[in-house]
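Student:
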Amino acid sequence: MSQQTYLTACPMDCPDTCSLRVEVKDGKITSIGASELNPDTQGFICSKISHFARRVYSSERVHYPLRRTGEKGKGEFERISWETAAEIICERFRRIKQEWGGEAILPFSYGGSNAMLGQDTVDRAFFARLGASRLARVVCAAPTTEAALGMYGKMPGTAFEDYQHAKFILIWGANPKASNIHLVPYLKKARGRGAKIAVVDPRRNFSENECDLHLPVYPGTDVVVALAMIDLWRRQELLNWDFIKQHTKGAEVLLKQAEAWPVARAAEVARVDEAAIVALAEMYALHDPAVIRVGWGLERNRNGGQSVAAVLALPAVLGKFGLRGSGYTLSNSAAYKLDLRDLVVAPSWRTRVINMNRLGRVLLKEDAPPVKALFVYNCNPVVTIPDQKAVIAGLSRSDLFTVVSEQVMTDTARFADIVLPAVTFLEQREIKKGYGSYALQYMEKVVEPLGEARPNEEMFALLGRTMGWNDPAFAETTDDYLRRAARSIHGMGRPVEVAELQADHIRFFDFPGRTPVQFKTVFPWTPDGRINLAPGNLGERPYVFTPEPETPYPLALISPASGKLISSTLGEFNLPELHVTLNPTDALPRDIKNGDLVRVFNHLGEVQLSARLSD
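Per my numbering, residue 224 is the first one in the sequence shown, and the count goes up by one each step.
#1: Is it buried or exposed for Gly674, if we count other Cβ within 10 angstroms and need 16 for buried?
#2: Spatial neighbours of Pro604 within its chain, please: C-beta separation below 7 Å, excluding the five flanking residues on both sides.
#3: Apart from the five residues just before and just after Met579, which ones in its own chain have a Cβ nearer than 7 Å to its Cβ?
#4: Return the CA-CA distance between Ala698 and Asn555, expressed in angstroms with no decimal places.
#5: With a 10 Å radius around its C-beta and 16 neighbouring C-beta atoms as the bar for buried, classify Glu314 as buried or exposed.
#6: For Gly818, tell me which candidate among Ala532, Leu832, Asp809, Gly828 has the shortest Cα-Cα distance.
#7: Taking just the CA atoms, how far does Gln227 sit from Arg277?
#8: Is it buried or exposed for Phe267, if we count other Cβ within 10 angstroms and need 16 for buried?
#9: Would you check if the distance between the CB atom of Ala327 and the CB atom of Pro570 is smaller than 7 Å?
#10: Which parts of the stretch 575 to 633 are runs of the alpha helix (DSSP H), unbroken and 4 residues or longer, counting only runs that do not cross its ends?
#11: What are the partner residues of Trp395, as DSSP defines its beta bridges?
#12: Please confirm whether Gly548 and Ala389 have their CB atoms less than 7 Å apart.
#13: Give the range of the beta strand (DSSP E) segment to which Phe824 is assigned.
#14: Rounded to the nearest angstrom, what separates Phe796 and Arg637 at their Cα positions?
#15: Roughly how many angstroms separate the alpha carbons of Ala684 and Val540, rounded to a whole number?
#16: Taking one C-beta from the stretch 756 to 775 and one from the stretch 459 to 475 each time, how about it: are there three or more such pairs within less than 8 Å?
#17: What does the alpha-carbon distance come out to for the pair Glu800 and Asp346?
#18: Grab me the residues of Asn261's own chain with a C-beta within less than 8 Å of its C-beta, minus the 5 sequence neighbours each way, in chain order.
#19: Quick check on the DSSP output: the alpha helix (DSSP H) that includes Trp684 runs from which residue to which?
#20: What residue does the alpha helix (DSSP H) around Phe331 start on, and which one ends it?
#21: My assumption, with CB atoms under 8 Å, is that Asp369 sits in contact with Gly528. Please give the rounded CB distance.
#22: Cβ of Thr625 within 7 Å of Cβ of Asp610?
#23: Can you name the start and end residues of the beta strand (DSSP E) that His437 belongs to?
#24: Whose C-alpha, out of Arg317, Ala757, His286, Arg575, is nearest the C-alpha of Ser304?
#25: What are the start and end residues of each continuous alpha helix (DSSP H) run of 4 or more residues lying completely inside the stretch 737 to 814, in chain order?
#26: Please classify Val874 as buried or exposed, where buried requires at least 16 neighbouring CB atoms within 10 angstroms.
#27: Just reading off the beta strand (DSSP E) that Tyr551 is part of, what are its end residues?
#28: Would you kindly check if the distance between the Cβ of Trp395 and the Cβ of Val517 is under 7 Å?
#29: Using the three-state DSSP reduction, which class does Phe316 fall into: helix, strand or coil?
#30: Mind checking Tyr776: buried by the 16 CB within 10 Å criterion, or exposed?
#31: The ligand ATP and Gln741: does the residue's C-beta get closer than 6 Å to at least one heavy atom of that ligand?
#32: Take Phe300 and list the residues in its own chain whose beta-carbon comes closer than 7 Å to its own, dropping the five residues that flank it on each side.
#33: Could you tell me whether the stretch 698 to 715 touches the stretch 331 to 340, using the rule of 3 or more Cβ pairs below 8 Å?
#34: Identify the continuous beta strand (DSSP E) that holds Glu482 and give its terminal residues.
#35: Helix, strand or coil for Gly354? Go by DSSP, reduced to three states.
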């Protein structure tokens, strides 16, 4: 019997990017735990990853290429070879391109739970060469990204480990307990040193013993609360005019919009107490250093971009920068300064762009050209894309040729004409850059791929060769792409060498210093180096609140992070536990009790779930 230990990293959609130690016995994973390489991991990992071997060895795992034999959606397939699958796919693509043009083919993917080689490498070269439509990957983080880019450029955010130095921490639209668990120990350290913690979230995720203030804003009203705080500071003459004049532009636009939102009006719209907004504003204004953890929860409504911008303006108008433990954190992925031109050699790709959120509508309408083929990878659109009825109806079209690359038999894979087996992160070599933790990590292959599963770069290289193309992208190996991935990173203070990364398994930044301090070691990456408080990204009416239109549906549906799922990943293990959480004040007039089976519905669809009552 052979026992081996491997060091790797977690690539799942989480800002923590944990370093892992995996034990393997006789070629099979026996345990997954934390390694000491990444300090942010702090010796523990989440249960989702510690039990990830069940995904690797799941009975739902796709082991071989499959061809549909039954109705779409029924999940009836027969096994075929990779060569046969590649020939079928490429022949259909050739015919579709000849009749309808390359734009009739739509690649459909998303990021988050994959590392550097799994996206925008060989796949990009393949679809660019094909002349396929391009995809706007905007199902998550689009409003936050645009707001942050317009205001601060790609300025690196405050490191999680520096939260322990803060005297006030504001968590807005995030739940670290479910999706950023390694921030929690730093929060406890800060609180143990006397720091105040406030949370803005429709749900209560922190107890009264864990935070000093919880502001349960009504979903979509974050923008008016942030503007009310700014207007209160203006009235109290707390604005840092020296900082505003030296480091910002567009402040007059922001302050004019804030004037329309005195605390009383904002409290009424956000359905919170006036005193709570005042208390939050005072806590933030009077403590230094103060830091904001901005999450993605506040973007998931029609006011998302405006809300994110208003929250990101808070430290700017008070000058809450320059100290370790100050500033804000959103996503730190831009700090790597990735250059796609170094990552892949691909033809110019200037075809039409399709918004992924409109997949259902796109598949059902007769466009010019219509989408005749869909290639899904790194994504499960049936359960993650809006308007599920339309998505399912579109995937059910008899004239739509659908390919799905997937680890397990998902709801989307059941509608595929061809299913291709994908590797898990424990079955491949990769490089992972974090979007929270400031660490670049090498991912070892821990076990051989089950069945005939292949990593994305091998899959698309095979398809490229089957098309008869001799581009370098389809001839290069995983080793080649690992070197390319390392060379494409330009923001770590010195060049990244893959051999060094493979030997050490981890690389840290030098800003200078291992973590950045905003407005001391890092500054806005904007054309003039200033914070733009009225960026064009916000449109012609920045910081304008748009109320929800009158509808017969009085409740707001939100999609909070789960401690058991990563988006839809691992959903196969949670089916008996599906439920909807309802505030007791909404449950009472509907005579809903804990555990009742309820129907949740609107004009787009419905589902029956067990009710859980909680605030």
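Yeah, the Cβ is synthetic: ideal placement off N, Cα and C, and Gly gets one too.
In this text, all values refer to a predicted model and were calculated from it rather than measured experimentally.
Tutor: In short:
#1: Counting the other Cβ atoms within 10 Å of the Cβ of Gly674 gives fewer than 16, which makes it exposed.
#2: Within the same chain, Cβ atoms closer than 7 Å to the Cβ of Pro604 are found at Phe331, Leu582, Val614, Thr635, the five residues on either side in sequence being excluded.
#3: Apart from sequence neighbours up to five positions away, the residues of its chain that approach Met579 with a beta-carbon distance below 7 Å are Phe331, Leu358, Ala359, Arg360, Val361, Val362, Ile608, ordered along the chain.
#4: In a straight line, the C-alpha of Ala698 is about 33 Å away from that of Asn555.
#5: Around the CB of Glu314, fewer than 16 other CB atoms lie within 10 Å, so the residue is classed as exposed.
#6: Nearest of Ala532, Leu832, Asp809, Gly828 to Gly818, Cα basis: Leu832.
#7: Approximately 19 Å, taken between the alpha carbons.
#8: It counts as exposed.
#9: Result no, Cβ atoms of Ala327 and Pro570 do not sit closer than 7 Å.
#10: Runs found: 582 to 587, 604 to 607, 611 to 618.
#11: Paired residues: Val423, Val517.
#12: The beta carbons of Gly548 and Ala389 sit closer together than 7 Å.
#13: Taken as a continuous stretch (DSSP letters only), the beta strand (DSSP E) holding Phe824 covers 820 to 825.
#14: Spanning the two alpha carbons is a distance of roughly 18 Å.
#15: Rounded to the nearest whole angstrom, the C-alpha separation of Ala684 and Val540 is 51 Å.
#16: The answer is yes - the stretch 459 to 475 touches the stretch 756 to 775, with three or more Cβ pairs under 8 Å.
#17: The straight-line gap from Cα to Cα measures roughly 36 Å.
#18: Cβ neighbours of Asn261 beyond the five flanking positions: Ala232, Thr240, Cys241, Ser242, Ser660, Ala662, Gln664, Ile729.
#19: The sequence as given places Ala at residue 684; Trp does not occur at that position. Counting along the chain, the alpha helix (DSSP H) containing Ala684 begins and ends at 679 to 689.
#20: Where Phe331 is concerned, there is no enclosing alpha helix (DSSP H), although the beta strand (DSSP E) around it starts and stops at 328 to 331.
#21: Checking the sequence shown, residue 369 turns out to be Glu, not Asp. Yes, Glu369 and Gly528 are in contact; Cβ-Cβ is about 6 Å, under 8 Å.
#22: Result no, Cβ atoms of Thr625 and Asp610 do not sit closer than 7 Å.
#23: Segment 436 to 438, the beta strand (DSSP E) holding His437.
#24: Looking at the Cα atoms, His286 is the closest of the given residues.
#25: Those alpha helix (DSSP H) runs which fall completely within the stretch 737 to 814 and span 4+ residues are 807 to 810.
#26: The structure shown does not extend to residue 874, since the chain is modelled only from 224 to 838, so the question has no answer here.
#27: Counting along the chain, Tyr551 sits inside the beta strand (DSSP E) bounded by residues 550 to 552.
#28: Against a cut-off of 7 Å, the Cβ pair of Trp395 and Val517 comes out as a contact.
#29: When secondary structure is reduced to three states using DSSP, Phe316 falls in the helix class.
#30: Tyr776 should be labelled exposed.
#31: Absence of the ligand ATP is noted for the structure shown, with no ligands found whatsoever.
#32: Within the same chain, and ignoring the five residues on either side of Phe300 in sequence, the residues whose Cβ sits closer than 7 Å to its Cβ are Leu289, Arg290, Arg291, Thr292, Val642.
#33: Three or more Cβ pairs closer than 8 Å define a contact, and the stretch 698 to 715 meets that threshold against the stretch 331 to 340.
#34: Looking at the DSSP string, Glu482 is not in any beta strand (DSSP E); the run it does join, the alpha helix (DSSP H), is 474 to 482.
#35: The answer is coil: DSSP assigns Gly354 none of H, G, I, E or B.
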